[in-house]
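Residue numbers (our numbering): 11 to 300. Notes for the one structure printed next.
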């Protein structure tokens, strides 16, 4: 009888972020902060975040959302302005991509950051994130985007955190892993600021959306759906206002045109009266000459 080899099931990940001690009330405050490198990416930003908030940053690609996260953490120097960080912050930072020069195995990568752990404990932590033995013993640079992301998430879950800073945390993850991560972030009792294009994540986690544009910054309370409703309402109001202005301008132009036509009609009547009077006078002159 021919033996059929069943495909091994992917291990289901479990994410659980360890809650650190309570931070100060203020997480950060920026004063006329401008981010950028050789040139500014934004207008001066005056942002404020308190303990327990879960803020998502929205904006076009290239506006500097990732740069803002790195600037808040002191990893990138501000182009201008100031940042004041709160007290007792225990930061967990998730970077968007892994370095392509990381020749460490997943096991060694985590072990270097947490050398007090045993080989078994590190393997167990990585397996809990949904990685197989093959993944754990492979170099990080050869792992898929999703597998490398799980290694970075593993390192976050091994430390005490009260302030999570996440740059596109669901990129490269499969759907089931995304859902587990979304649940973990929703249950996390600390503070979160994140960049993401994942509307499901933003609906489940965000309590406030900050939209960054080149010339303005807008803040919206609530999750992604609340943000979308507010933006659409503002857009409709703007369109309605523009339509009303256009109608008013058209009505004004119509009235002015009618007035011109009326004046033109009056002028033609007056001209006709003048011509008639001249004709009458000429006739009177002719009669007099006869």
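The beta carbon of each residue, even a glycine, is placed where N, CA and C say it ideally should be.
Across which residues does DSSP place residue i in a beta bridge pair?
i, result
"residue 152", "For residue 152, which the question treats as bridged, DSSP gives no partner whatsoever."
"residue 101", "173"
"residue 59", "38"
"residue 306", "Here the chain comprises residues numbered 11 to 300, so residue 306 is not present and cannot be evaluated."
"residue 28", "170"
"residue 65", "203, 218"
"residue 44", "90"
"residue 50", "46"
Looking only at its own chain, which residues have a Cβ that is under 8 angstroms from the Cβ of residue i, when we skip the five neighbours before and after it?
i, result
"residue 26", "167, 194"
"residue 38", "57, 58, 59, 82, 93, 94, 95, 96"
"residue 139", "23, 24, 25, 160, 161, 163, 164, 167"
Using a Cβ-Cβ cut-off of 6 angstroms (strictly less than) and excluding sequence neighbours within five positions of residue i, which residues of its own chain qualify?
i, result
"residue 11", "At residue 11 the pLDDT is 43, less than 50, meaning the model places this residue with poor confidence; the figure from the coordinates comes in the next sentence. Once the five neighbours on either side are set aside, residue 11 has no close Cβ partner at all."
"residue 174", "102, 202"
"residue 237", "219, 230"
"residue 15", "Confidence at residue 15 is low in this model, with a pLDDT of 40, below 50, so its placement is unreliable and the value that follows should be read with caution. Excluding residues within five positions, none has a Cβ falling inside 6 angstroms."
"residue 13", "Its pLDDT being 43, under 50, residue 13 is placed unreliably in this model, and the value from its coordinates should be taken loosely. Answer for residue 13: no residue qualifies."
"residue 151", "110, 112"
"residue 50", "44, 89"
"residue 289", "none"
Report, in whole angstroms, the separation of the C-beta atoms of residue i and residue j, which I expect to be a contact under 8 angstroms.
i, j, result
"residue 65", "residue 216", "7 angstroms"
"residue 200", "residue 233", "Contact flag wrong, Cβ pair sits at about 18 angstroms."
"residue 181", "residue 155", "7 angstroms"
"residue 99", "residue 33", "5 angstroms"
"residue 52", "residue 222", "6 angstroms"
"residue 21", "residue 142", "6 angstroms"
"residue 170", "residue 28", "5 angstroms"
For residue i, I'd like the list of residues in its chain whose CB is within less than 7 angstroms of its CB, leaving aside the five on either flank, ordered along the chain.
i, result
"residue 17", "Only weak support is given to the placement of residue 17: the predicted model assigns it a pLDDT of 45, under 50, and the value that follows is read from those uncertain coordinates. Nothing meets the Cβ criterion."
"residue 71", "none"
Touching by the beta-carbon criterion (3+ pairs, under 8 angstroms), the region 39-48 and the region 84-93: yes
Entirely enclosed beta strand (DSSP E) segments - the region 135-203, minimum 3 residues: 173-177
Runs of alpha helix (DSSP H) wholly within the region 68-137 (minimum 4 residues, chain order): 75-82, 116-123
At least three beta-carbon pairs within less than 8 angstroms, the region 71-81 to the region 114-127: no
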